[in-house]
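Take any residue in the sequence shown, count from 1 to its spot, add 1: that is its number in this note's numbering. We put the beta carbon where it would ideally sit given N, CA and C, even for glycine. The structure displayed is predicted, hence computed values, not measured ones.
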Amino acid sequence: MHQLHIGILDIVETPTSALWARVMNANFASVMPQVLGAWCEQAGHRVHYSCYTGSGDVLRELPPDLDLVFIGAFTQAAHFAYAVSNFFRQRGAVTVLGGPHARCYPEDAARYFDYVLGFTDRAVVDEVMRECARHRPLGRQISAARQPLDLPPLAERWKFVETALKKAPAIKIVPMIGSLGCPYTCSFCIDSTVEYQPLSFTQLGEDLRFLLRKIQDPIVGWHDPNFGVRFDEYLETIESAVPQGRMRHIAESSLSLLTEPHLARLKRNGFGAILPGIESWFDLGNKSKTRLTGMDKVRQVSDQVNTILRYVPYVRTNFVLGLDADHGSEPFELTKRFQDLTPGAFPGFSLLTAFGRAAPLNLEYQRAGRVRPFPFHFLGNHEAMNVQPMNYAWPEFYDHVIDVTRYSFSGRAVARRFAANRGIARWMHLLSARSSEGAGRLRYYTVVRRLIEGDRSVRSFMDGTSDRLPHFYHARIEQDLGAMYGLLPEGALTHDHTAYLKTATVAATAAAAPDTVQIRSAPGRPRVPVDRERPQITM
Ligand code: B12
Ligand code: SF4
């Protein structure tokens, strides 16, 4: 195979001037693009890696004369990624999309990329590099049969970590991962059907020792979908590799794993930030391992979060707004009570979003005709809710969202949060509240609420009586994409929001006659049986 000139672009965000983004975005670089960099170099190719954080000209991030360009993107950056792909395709490159958008909307992405990758292991990447062919008008979809069993050591992706962190002006967080998938089965989650699998603890220990040699007192951001499932082994690995006080950590973990003995151990090992999901007072109790609902759940979770705060300085609790179990003002009022009882925790809100084929629940939303075709650009958990709420009309829903947002970022709440926290946590919370997440979001929701009432095109789009994209949303995409808007391929603003349902129906019909589906991950891979519980992507 001749040496390829390969570009790897990790898109963290589309163009933005938000202060939070400038300070923090480089810390949200993904692990996989760096892993790809290591794999491509091991195969003897020349690699340019870049992490685009939302400032500057994305087209200058990579050289223009590449053979193969890998792009990693979330769905909210999909249009931007499509435009970048178009640019490089026009210059003769073959383009590949991987990451959350590729896993959630592969059929759509295949219209704009030569390859769209699902689960990505070394064999899949080798196959792409070996073939490196144009697949147009429809790209080739490839997925490994499962998540990779191992990833290269940190040492091999270190130069890419350093490249990303050069863009972090103050705090620098090193992305690490020790496990894939999750043993829990929250029906709204992309990992609910992905088997839990720890990576090698021996390698993890070596990676941590390597990191200590590279950075004085590093901060590690764990990208494990649910950190600490194999808690003891994980912590033993950290304890044996890292002398106390030499490393700080940030992790996402479910409340059920955050018991007091675990918290004491996390504290001893420098865990400075934890992001547990509460999600709802009336649903998804399996995540926090509680059968309680309503105010009883508020009290119990508040007690637990206050306990967490005694051990871990920065706690961000995540809520999903608009779930089917919610109706009336009670869920929102309970979230306010929770904040009264737990002033130290930062409240993160997400509007219920069905990301294509991410989760089994999305199939039900699509079957019920409740998914609205909001363009990808708005699918980042807060700019739009693409599932019609079960128990709210839109005006009522947005009134509640505005009310709880206003309450959470009012001068009083911000001051209480500031007073209840210490050190860097209080400044981070203040920055979030004053930047796009607090004040910015409140302004945006207020505009949307006004349009729901005053602009018939917006209301009928949201109600599902029209699929015509309202001017407001179109203009916003144009403005946000800036110069890249001109590179958007024809038709790229719209997508088939029922694609998952369509392919699942075809797969179910095929499965009715006992059959198997070919997962074309690597040449010679065996045919694998169809899992009847999960609609398979036939790639
Ligand atoms: C860790 C995590 C984060 C971290 C780190 C993000 C990062 N840059 O990687 C933080 C906390 C910063 C974060 C933020 C957000 N996140 Co997040 N996050 C996750 C989480 C929990 C794990 C993802 C992960 O790293 N898994 C480990 C990797 C190795 O496995 P994987 O993701 O399955 O990737 C496989 C393939 O997709 C492929 N692959 C992955 N990347 C790439 C790249 C290329 C080029 C290629 C070829 C292949 C490839 O290889 C992997 C191995 O098979 C998932 C939920 C989950 N349980 O998976 C949500 C998830 C990815 N996040 C999500 C969202 C919406 C967000 C936010 C937009 C939320 C918000 N409003 O703030 C932001 C986006 C910020 C940003 N751009 O970074 C959604 C994405 C949905 C979508 N289609 O866009 C998910 C799926 C959760 C959900 N709601 O369902 N997140
Ligand atoms: S615990 Fe978290 S990662 Fe696991 S299935 Fe539930 S939401 Fe997903």
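For serine 86, the enclosing alpha helix (DSSP H) covers residues 79 to 91. Scanning Thr499, Leu489, Leu69 and Ser409 for the CA closest to the CA of asparagine 387 turns up Thr499.
Taken through DSSP and simplified to helix, strand or coil, glutamine 43 comes out as helix. One alpha carbon belongs to histidine 496, the other to arginine 112, and they sit about 10 angstroms apart. In the DSSP annotation of this structure, the continuous segment of the beta strand (DSSP E) that includes glutamine 142 starts and ends at 141 to 143.
Around the C-beta of threonine 203, fewer than 16 other C-beta atoms lie within 10 Å, and the residue is accordingly described as exposed. With three or more CB-CB distances shorter than 8 angstroms, the segment 349 to 357 counts as touching the segment 314 to 333. About 7 angstroms separates the Cβ atoms of glycine 182 and proline 226, confirming a contact at the 8 angstroms cut-off. The DSSP-derived three-state label of alanine 505 is helix.
If you draw a straight line from the Cα of glutamine 305 to the Cα of leucine 443, it comes to about 29 angstroms. Membership of tryptophan 282 in any alpha helix (DSSP H) is not indicated, and neither H nor E is assigned to it by DSSP. Three or more Cβ pairs closer than 8 angstroms define a contact, and the segment 387 to 400 meets that threshold against the segment 366 to 378. Residue environment: lysine 298 is assigned as buried (16 or more neighbouring CB atoms within 10 Å of its CB, all protein chains considered). The Cβ atoms of valine 97 and leucine 69 lie closer than 8 angstroms to each other. Per DSSP, the continuous beta strand (DSSP E) segment holding threonine 318 begins and ends at 315 to 322. The three-state secondary structure of glutamine 198, taken from DSSP, is strand. Annotation for tyrosine 235: Gly179 and Gly229 place their beta carbon closer than 7 angstroms to its own, counting only its chain and skipping 5 residues before and after. If you look at threonine 54, you'll find it isn't in any alpha helix (DSSP H); DSSP assigns it neither H nor E. Selection Lys503, Pro277 and Lys173 evaluated against leucine 256 yields Pro277 as nearest (Cα-Cα). By the CB criterion at 8 angstroms, glycine 57 and serine 31 fall outside the cutoff.
Under the three-state reduction of DSSP output, methionine 391 falls in the coil class, being neither helix nor strand. Annotation for proline 199 indicates a beta carbon at 7 angstroms or more from all heavy atoms of ligand 2.
Per DSSP, the beta bridge partners of leucine 98 are Ile72 and Val117.
About 7 angstroms separates the CB atoms of leucine 213 and methionine 248; that is less than 8 angstroms, so the two are in contact. Nearest Cα to arginine 141 within the set Val126, Gln148 and Leu155: Val126. Beta-bridge partners of tyrosine 50 (DSSP): Ile9. Arginine 249 is bridged by DSSP to Ile220. A distance below 8 angstroms separates the beta carbons of asparagine 392 and aspartate 327. Looking at the backbone, the Cα of tyrosine 197 and that of aspartate 151 are separated by about 13 angstroms.
DSSP places isoleucine 178 outside both helix and strand once states are collapsed to three, so it counts as coil. When the beta-carbon positions are compared, valine 415 and leucine 431 come within less than 8 angstroms of each other.
Linking serine 409 to lysine 337 through their CA atoms gives a straight-line distance of about 7 angstroms. Boundaries cannot be given for serine 255, as no alpha helix (DSSP H) includes it and DSSP labels it neither H nor E. Just so you know, the alpha carbons of tyrosine 399 and phenylalanine 356 end up roughly 21 angstroms apart. Rounded to whole angstroms, the separation of the alpha carbons of alanine 434 and serine 411 is 9 angstroms. Secondary structure of serine 467 (DSSP, three-state): coil.
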